[in-house]
Amino acid sequence: MEQAYVDRAYARLDEMLIRARAAAAQAAAARESAGPLRDALVSSGLSRAAQLAIGDEPLVFGRLDGGDGGRLYVGRTAVYDEDHEPLVTDWRAPAAEPFYRATAGDPMGIVRRRHIVCRGSRVLRLDDELLDEPPPDAGLVLVGEGALLDAIGRGRTGRMRDIVATIQAEQDAVIRAPLDGALVVQGGPGTGKTAVALHRAAYLLYTHRARLERAGVLVVGPNAIFLRYIDQVLPSLGETATLATGPGLSATRAMAGDPPAIASLKGDERMADVVARAVASLPSPLDDEVVISYEGSGVSISPAASRRMVELARRRFRGRHNARHRDFVDFALTYLWRRWADRRADWVEILGADARRHFESTIRSDRRFRQAVNEMWPAMSPGELVQRLLSAPNLLRAAADGILSDEEQSILLRAPDAPLTEADAVLADEALVHLGPLRRRPRRRAGVDEEERWTVERMLDDLEQTEPVIRAERAFFAQRYMDARRDLDEDERSRPPRRERFGYVIVDEAQGMDAMQWRMIARRCPSRRTTILGDLGQAALSTPPSWEEMLAPLGASEVTVAELTVNYRTPVEIMDVAARVLALAAPGAASPRSVRESHRPPVVRVVAAQRVIRSAVAAARAEHAELSDGKVAVVAPTQRIEAIAAELGLDLTRLDAAGLLDAAVTVLDVDDVRGLEFDAVVVVEPQEIVDTAPGGFRALYVALTRPTQSLVVIGSPMAEPLRSALAPPSSRRGSP
4 MEQAYVDRAY ARLDEMLIRA RAAAAQAAAA RESAGPLRDA LVSSGLSRAA QLAIGDEPLV
64 FGRLDGGDGG RLYVGRTAVY DEDHEPLVTD WRAPAAEPFY RATAGDPMGI VRRRHIVCRG
124 SRVLRLDDEL LDEPPPDAGL VLVGEGALLD AIGRGRTGRM RDIVATIQAE QDAVIRAPLD
184 GALVVQGGPG TGKTAVALHR AAYLLYTHRA RLERAGVLVV GPNAIFLRYI DQVLPSLGET
244 ATLATGPGLS ATRAMAGDPP AIASLKGDER MADVVARAVA SLPSPLDDEV VISYEGSGVS
304 ISPAASRRMV ELARRRFRGR HNARHRDFVD FALTYLWRRW ADRRADWVEI LGADARRHFE
364 STIRSDRRFR QAVNEMWPAM SPGELVQRLL SAPNLLRAAA DGILSDEEQS ILLRAPDAPL
424 TEADAVLADE ALVHLGPLRR RPRRRAGVDE EERWTVERML DDLEQTEPVI RAERAFFAQR
484 YMDARRDLDE DERSRPPRRE RFGYVIVDEA QGMDAMQWRM IARRCPSRRT TILGDLGQAA
544 LSTPPSWEEM LAPLGASEVT VAELTVNYRT PVEIMDVAAR VLALAAPGAA SPRSVRESHR
604 PPVVRVVAAQ RVIRSAVAAA RAEHAELSDG KVAVVAPTQR IEAIAAELGL DLTRLDAAGL
664 LDAAVTVLDV DDVRGLEFDA VVVVEPQEIV DTAPGGFRAL YVALTRPTQS LVVIGSPMAE
724 PLRSALAPPS SRRGSP
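Residue numbers for the sequence shown follow the working numbering, beginning at 4 and rising by one.
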């Protein structure tokens, strides 16, 4: 019966997909409707086709039987019959909510919930839950336990799968939470934070499509490997979103990483004031007179004149630094023109308007003029500003005195040719707020250029201390110019370009974000509508701040914290060990409850130091041989990665994020493994991870909680208390 219904739904889905594609093609080919209307029709058709093109994923995964005898099939996307009656209800629709929320204690009008386990269009198994029975006395209630455990037990593929068919009640509450405000999802390992947030993005796009689809949704992750791991979830749900790492939000390309102490200092919110001061200190007068030749004579800018020019430009020109540079060039040209024209009035009278055009064109291209202007008011990219700030002691001192200590300033200083780091890219994004982009002057509204000339001429009157011309017309046009510039420049101040702003932002592994990164996120999301995922127990800091403290730079007016408490990924046996390690880092911190047992206790092997790498690789290969399918990860200290990769036969110079995830047996350090999961994990040199990785025991806790089936720990002799934490139960009972 269910197979016949699923077949009918698939047949109708194919018809709907063909019609959506045909509608898009027809709109694209319609010449008479060229323009915005046609574009909208094409976009609508393609968007609908994307939602219907579910690939190999099952279309139908549930059925609800109501107390009134009605039935409702729940699936990946909505499908209607020829009379527009629902065959399949989209999982995000309000009518589908009981599929995830109904319990025997609160059946929500449902008497039976059926989980239809499919592989593509083929029905494999049916699991029924009767909700009209008395509620259980105690214990954790899992929605569709059989389907859930079946999904968890499937081998990993190197990519995160959607959990649309097995969403649990506490997860669904997060997914369907209101749009506005900042929602923090606190949850330990295996609670499904990432999957829940991605399904929340799909739900919000479904529920608030008119508000969010055009503005877009941004997903921010800790690194490129993580983003590659999750990149198929939203497309499988018929939605798209922009994915980026934290540094990837900046237009400045990062080439390296910083030591933890330096990265922490660069992430301090005080650096925002340092960057602002650095930009403000860029304009400076000339030290020596500059003489520029024109038509056999020279025209000059003295140090005193340049000082007055810089002072006036600071006060009179509006907008960000690089926009004011363009105004300063015009200012300097006009100044030189007036000095030259006063001496050659006869020549100016003969040539008329052409005289000024020729003069400005010639002087503008003169090397000495360009050098002088760039010394007085340098145009600069954000990356150049950061490089200059961190390699010039005088500039850093001028920008940081009273904000950073002398010791902190010395920590930041580096060589001028040092590569930009990930933390520098975040500082560069902050600098962009004050610098503005390096680009040609934006197209002005009609009349603005003439109004600008009036303003510049008036500044020159002040500069040369001539008798001011008090005329209502001049004041009027000057004000008009200033208003126009305010429209062009001030409207963009403190914001990235519009194409880099989003209607909603999801931040994963947020416990690792610093204040400067939160400021960058705030600029990308003016509405502050965000979902923030993390676990303070996995923070690199030994004493992480509360979420409220951490999110202060985001500037959200409303912050709601929801907690996920159930670990669906990690077996009880592994979590017992991981919880003891967490207790060493954060006594009293609670680990999430695991819902299943693997009956495979973790294996801990202590070997001689020279045998660690070979033993770890052998263990990883043995674990993979036991798997019918799935992935194995070797998680090791950063300094061990190259040697382990060589032993595994992996060429790290040729493997990108996809290659590392696709390898049957891969090797990653603790930072790269955050947010990922594997069937089996081999943790190498746990004591070394504790001693060298940021976070110490917290970092090891992250490594231990990645597997879904088995865990092997291999290292040289360990010190107390780690040895006791990793010891099997029998050893702990027998110890004094």
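For each residue, glycine too, the CB sits at the ideal point set by N, CA and C.
Below 8 Å on the Cβ atoms is my contact criterion, and I expect residue i with residue j to pass it. Report the Cβ-Cβ distance as a whole number of Å.
i      : j      : result
Ala105 : Arg122 : Ala105 to Arg122, Cβ: 26 Å. No contact.
Thr568 : Thr708 : Not confirmed; about 15 Å, so no contact.
Arg15  : Asp84  : 6 Å
Leu536 : Asp511 : 5 Å
Pro385 : Thr255 : 6 Å
Met553 : Leu430 : Between Leu430 and Met553 the Cβ distance is about 19 Å, and since that is not below 8 Å, they are no contact.
Gly506 : Gly219 : 6 Å
Glu566 : Gly190 : 6 Å
Ala98  : Val91  : Wrong, their Cβ atoms sit about 11 Å apart, outside the cutoff.
Does DSSP put residue i in a helix, in a strand, or in coil?
i      : result
Asn325 : helix
Glu314 : helix
Pro731 : coil
Arg128 : strand
Leu240 : coil
Asp68  : strand
Gln6   : helix
Phe505 : coil
Ala696 : coil
Tyr76  : strand
His602 : coil
Leu544 : coil
Asp494 : The predicted position of Asp494 is uncertain, since its pLDDT is 40 and thus under 50; a value taken from the coordinates is nonetheless stated next. The answer is helix: DSSP assigns Asp494 an H, G or I state.
Ala437 : Per the sequence shown, residue 437 should be read as His rather than Ala. Helix.
Ala247 : strand
Leu133 : strand
Arg116 : strand
Val670 : strand
Glu298 : coil
Ser408 : coil
Residue i to residue j, Cα distance in whole Å?
i      : j      : result
Ile265 : Pro556 : 20 Å
Ala559 : Pro731 : 46 Å
Ile616 : Thr669 : 14 Å
Val508 : Met4   : 43 Å
Tyr297 : Arg373 : 15 Å
Arg599 : Ile119 : 22 Å
Met258 : Asp271 : 21 Å
Asp131 : Pro101 : 14 Å
Thr711 : Asp682 : 5 Å
Ser239 : Gly65  : 17 Å
Thr740 : Ala619 : Nothing can be reported for residue 740, as the shown portion of the chain is limited to 4 through 739.
Glu495 : Pro440 : Interpretation of Glu495 is limited by its pLDDT of 43, a score under 50 that renders its predicted location unreliable; no figure is taken from the coordinates.
Met19  : Ala581 : 49 Å
Ile228 : Leu182 : 29 Å
Asp409 : Ala518 : 21 Å
Using 10 angstroms around the beta-carbon of residue i, count the other beta-carbons present and answer buried if the total reaches 16, otherwise exposed.
i      : result
His87  : exposed
Val294 : exposed
Gln412 : buried
His328 : buried
Glu691 : buried
Ser631 : exposed
Pro720 : exposed
Ala611 : exposed
Pro595 : buried
Trp457 : The predicted position of Trp457 is uncertain, since its pLDDT is 47 and thus under 50; a value taken from the coordinates is nonetheless stated next. Its Cβ being crowded by 16 or more others within 10 Å, Trp457 is buried.
Ile21  : exposed
Asp165 : buried
Asp59  : exposed
His602 : exposed
Leu392 : buried
Figure out for me which residue from the options has the closest Cα to the Cα of residue i.
i      : options                           : result
Leu544 : Leu339, Pro306 and Pro263         : Pro263
Asp234 : Ala180, Asn325 and Ala661         : Ala661
Ala418 : Arg341, Val389, Pro288 and Gln6   : Val389
Val609 : Ile717, Thr695, Arg531 and Ser713 : Ile717
Pro381 : Gly405, Asn325 and Ala621         : Asn325
Trp343 : His361, Asp330 and Leu208         : His361
Ile366 : Glu425, Val302 and Asp345         : Val302
Arg51  : Pro61, Gly72 and Ala25            : Ala25
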